[in-house]
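S.K.:
In the working numbering, the protein residues as written are 808 to 1087.
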């Protein structure tokens, strides 16, 4: 338990510093997380491992991730969809070139890993790089981790109806609803805190003219996605017969064990902030 708390605190410090700095520093950290997460996922799928030769389509995914992130950093972020599609095309070309050495299911896993881990995680950088991004990027973590904490305590207090009895027997519908509400309320508190800080240090904090209900909607909607992101990562682990994706973070597991819900939440927060917050 002590190890988990210490490693969690270190993660928070790293997150605070890198997100505050942004730019190449944040991109480098996200790229490390993406490549490590890909390694964890491909190892779970049996595509790579000790004594195994790395398939070309997996190597293309690793290389494509590095190229994709570097291009986002150089100002091509508005073309992220095209860049990601081209990487997927290269992955499939490698599969075709090696045919019939690998099955179609393995090619699908290679492409899915790139999109799930690398592309979806990159939305943290895309949010940070937008107007008011230094503030809005924290909504990703609020909607994910507050929802998880709220769901745990509400579920312990009054959870009766199992949400996914086979996949996650401890998760309840009541806990999920409580987590969503807690995430929404955290959005309101976040808006109030930003308004207070903007009044004290206007040169540092910019008070958005968006309303509190908009922050509630953004965080509540993000928390819904985060719940399914957590369940999806758990389903893959169950399917592959593993307990954790990795051991990089003591007490937490691997990158995908700690950031599974964040990865799913980042894209929806990006689009919701564009729709409800940045435009105001």
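Glycine is no exception: its CB is placed at the ideal position from the N, C-alpha and C atoms.
Could you check whether residue 1062 and residue 1032 sit closer than 9 Å to each other, using their CB atoms as the reference points?
M.R.: No. Outside cutoff.
S.K.: Distance check for residue 954 and residue 963, CA to CA, integer angstroms please.
M.R.: Approximately 14 Å, taken between the alpha carbons.
S.K.: Relative to the C-alpha of residue 1067, which residue among 813, 848, 832 is closest?
M.R.: Nearest C-alpha to residue 1067: 848.
S.K.: Between residue 868 and residue 927, what straight-line distance do the alpha-carbon atoms span, to the nearest angstrom?
M.R.: If you take the alpha carbons of residue 868 and residue 927, they lie about 14 Å apart.
S.K.: In chain order, what residues of the same chain have a beta carbon less than 7 Å from the beta carbon of residue 1051, not counting five sequence neighbours either side?
M.R.: Within the same chain, residue 1051 has close Cβ partners 1060, 1061, 1064.
S.K.: Quick check for students: name the residue ranges of the beta strand (DSSP E) that lie wholly in the region 964 to 1026, counting only runs of 3 or more.
M.R.: For the region 964 to 1026, whole beta strand (DSSP E) runs of length 3 or above, ordered along the chain, are 969 to 971, 975 to 979.
S.K.: Determine, using beta carbons only, whether residue 828 comes closer than 9 Å to chain B.
M.R.: Chain labels in this structure do not include chain B; a single protein chain is all it has.
S.K.: Closest to residue 939 by C-alpha separation, out of 999, 980, 918, 1016, would be which residue?
M.R.: When each option's Cα is compared against that of residue 939, the closest is 1016.
S.K.: Inspect the beta-carbon positions of residue 1072 and residue 947 and report whether they are closer than 9 Å.
M.R.: Yes; because the gap between Cβ atoms is below 9 Å, this pair is in contact.
S.K.: Would you mind giving the Cβ-Cβ distance between residue 1036 and residue 935, rounded to the nearest angstrom? I have them listed as a contact below 8 Å.
M.R.: Rounded, the Cβ-Cβ distance is 20 Å, inconsistent with contact.
S.K.: Measure the C-alpha to C-alpha separation of residue 827 and residue 979 and round it to an integer number of angstroms.
M.R.: Spanning the two alpha carbons is a distance of roughly 36 Å.
S.K.: Nearest CA to the CA of residue 751: which residue from 951, 843, 983, 870?
M.R.: No statement about residue 751 is possible, as the shown extent of the chain runs from 808 to 1087 and does not include it.
S.K.: Going by CA-CA distance only, name the one from 912, 896, 985, 845 that's closest to residue 959.
M.R.: The shortest Cα separation from residue 959 among 912, 896, 985, 845 belongs to 985.
S.K.: Quick one: what's got a C-beta closer than 8 Å to residue 909's C-beta in the same chain, skipping five residues either side?
M.R.: Taken in chain order, the residues that qualify are 862, 864, 902.
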